[in-house]
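Engineer: My structure is below; once you've seen it, I'll send some questions.
As structure tokens, this is what we get:
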């Protein structure tokens, strides 16, 4: 049974908290497949701002694929590209079990900077996501962390009170973004550290 505490809602980040990932893995595999430089793929996808447009929903998965294909001047099917783009994830050990325990006592929500291909892939392949009452992926919300709008939309739509909510992320700037909206913030480093920090806020499960 939950001990007296002000925390009623817990908002999680996805990548590097619930699920580990390595975006460079996709760049390496695409470089091998298209016989081009890995750094060029990183530049065209991420440094150029194209991935940012994709993760805020300004372009579709098909548009992202076609623009990448044009920039890299390579021939690859959308299906093969999507398989490589999505093959970057693995479970963060112990987090699924922690989420399952927290769900018994708290409302759980997700705020993530992600894109349609990744999010659809993760929903179908990683059962941990089924434990969240609502998810706020950036490509659907139209904003990315640490923009204040993504936190405000999540708080408004879940009817969560900021002072009774905690946001967990591995990136300090994103944690600070939540704190600026009145939420408690925890920077994720490890499962054990997260458990300790939640307990320090009075969370019990």
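In our numbering, the protein residues as written are 220 to 424. By construction, the Cβ of each residue, glycine as well, lies at the ideal position given by its N, Cα and C atoms.
(1) Please check the pair residue 394 and residue 405, which I expect to be a contact at CB under 8 Å, by giving their CB distance rounded to whole angstroms.
(2) Within 10 angstroms of the Cβ of residue 261, are there 16 or more other Cβ atoms? Answer buried if so, exposed if not.
(3) Below 8 Å on the Cβ atoms is my contact criterion, and I expect residue 327 with residue 352 to pass it. Report the Cβ-Cβ distance as a whole number of Å.
(4) Taking the alpha carbon of residue 348 as the point to measure from, which residue in 322, 390, 357 has its own alpha carbon closest?
(5) For residue 220, name the three-state secondary structure that DSSP assigns.
(6) Is it buried or exposed, residue 357, if we count other Cβ atoms within 10 angstroms and call 16 or more buried?
(7) Go ahead and pull the three-state DSSP assignment for residue 225.
(8) For a minimum of 4 consecutive residues, which ranges assigned as the alpha helix (DSSP H) are wholly contained in the region 365-413?
(9) So residue 232 and residue 388 are in contact, right, with Cβ under 8 Å, and what is the actual spacing, rounded?
(10) Would the region 336-347 and the region 361-379 be scored as touching if the rule is three or more Cβ pairs under 8 Å?
(11) At what residues does the alpha helix (DSSP H) containing residue 322 begin and finish?
(12) Would you list the residues sitting across from residue 310 in a DSSP beta bridge?
(13) Expressed to the nearest angstrom, what Euclidean distance is found between the alpha-carbon atoms of residue 423 and residue 297?
(14) How many whole angstroms separate the CB atoms of residue 263 and residue 244, which I take to be in contact at a CB cut-off of 8 Å?
Structural biologist: On the basis of the coordinates in this document:
(1) 7 Å
(2) buried
(3) 6 Å
(4) 322
(5) Only weak support exists for where residue 220 lies, its pLDDT of 41 falling under 50; the value from the coordinates is given anyway. Coil, per DSSP.
(6) buried
(7) coil
(8) 367-377, 391-399
(9) 4 Å
(10) no
(11) 314-322
(12) 238
(13) 46 Å
(14) About 17 Å; that fails the 8 Å criterion.
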